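Participant: Pasting a structure here, questions to come.
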Amino acid sequence: MTEYNLIEVTPTINTAEYAVGDCIFVSTEMPGFFPGVNRAAEIMSLTIIDRSSDEPDMNVYLTTDSTTLGAINATADAADSVVDGVQCIIPVVTADYIGGSNDTDTCSVACITAPSNDGIGCIVQSLPNSSSLYICAILQQAVETFAVGDLTFKIGVKYL
26 MTEYNLIEVT
36 PTINTAEYAV
46 GDCIFVSTEM
56 PGFFPGVNRA
66 AEIMSLTIID
76 RSSDEPDMNV
86 YLTTDSTTLG
96 AINATADAAD
106 SVVDGVQCII
116 PVVTADYIGG
126 SNDTDTCSVA
136 CITAPSNDGI
146 GCIVQSLPNS
156 SSLYICAILQ
166 QAVETFAVGD
176 LTFKIGVKYL
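Following the numbering used here, the numbering of the sequence shown begins with 26 at its first residue and continues without gaps.
Take a look at the structure:
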């Protein structure tokens with residue numbers, strides 16, 4: 026039987042203004058992402074709930090490394106050894122979001138499921154003796170300001 030799961034995380038973000046290339050949030054652990062150690066999963070979907078309807082362009086990184094790609098609200102400046110832990114990058118653009126007065130009113134939602142989108146369908150693998158995976162994101166558009174709790178990420182996986 027094929028196992029599926031939906032992992033949800035609302036990372037810690039701050040309310041200061043972000044610039045292009047800034048880490049929106051630091052690597053955030055998703056404990057129990059894998060149902061056991063030494064497991065693999067296929068990324069099936071990424072849903073982002075944006076409670077402020079900013080619809081930010083970003084690259085979402087899934088990594089085995091708890092060390093972040095940079096400090097929160099600062100330019101990403103990861104060491105090579107940290108980048109080695111990156112297993113998947115999912116680009117998200119403004120056109121991926123649906124929201125506004127005719128849809129979700131005060132928030133926007135992006136739901137990326139097409140394998141033609143980079144990152145959907147990639148395989149991620151747990152480290153030995155770990156069932157966790159980490160998520161972080163880097164802003165890819167103009168200056169942005171968030172409120173605490175603005176962004177929630179839901180990752181659909183199929184375990185292999």
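Glycine included, every Cβ here is placed at the ideal spot set by N, Cα and C. Note that the coordinates shown come from a computational prediction; the quantities given were computed from them, not determined experimentally.
Which of the three DSSP states, helix, strand or coil, is assigned to Ala139?
Facilitator: Note: Ala139 maps to coil in three-state DSSP.
Participant: Report the partner residues of Phe50 according to the DSSP bridge assignment.
Facilitator: DSSP output for Phe50 lists Ala162 as bridge partner(s).
Participant: Identify which residue in Asp143, Thr170 and Thr131 has its Cα closest to the Cα of Leu71.
Facilitator: It is Asp143 whose Cα lies nearest to the Cα of Leu71.
Participant: Between which two residues does the alpha helix (DSSP H) containing Val108 stretch?
Facilitator: Run containing Val108: Asp105 to Val108, per the alpha helix (DSSP H) assignment.
Participant: Around the C-beta of Asp102, are 16 or more other C-beta atoms found within 10 angstroms, so that it is buried, or is it exposed?
Facilitator: That one is exposed.
Participant: With a CB to CB cut of under 8 Å and the five nearest residues on each side skipped, what residues in its chain are close to Cys132?
Facilitator: Counting only Cβ-Cβ distances below 8 Å, and skipping sequence neighbours, we find Ile74, Asp75, Arg76, Ser77, Ser78 and Gly124.
Participant: Between the alpha carbons of Leu185 and Phe59, how many angstroms are there, rounded?
Facilitator: The alpha-carbon atoms of Leu185 and Phe59 are separated by roughly 10 Å.
Participant: List the DSSP bridge partners of Cys113.
Facilitator: Cys113 is bridged to Leu87.
Participant: Quick check: the Cα distance between Ile160 and Ser151, rounded to an integer number of angstroms?
Facilitator: Ile160 and Ser151: Cα-Cα distance of roughly 13 Å.
Participant: Do the CB positions of Val168 and Ala44 come within less than 7 Å of each other?
Facilitator: In contact: Val168 and Ala44 (Cβ atoms closer than 7 Å).
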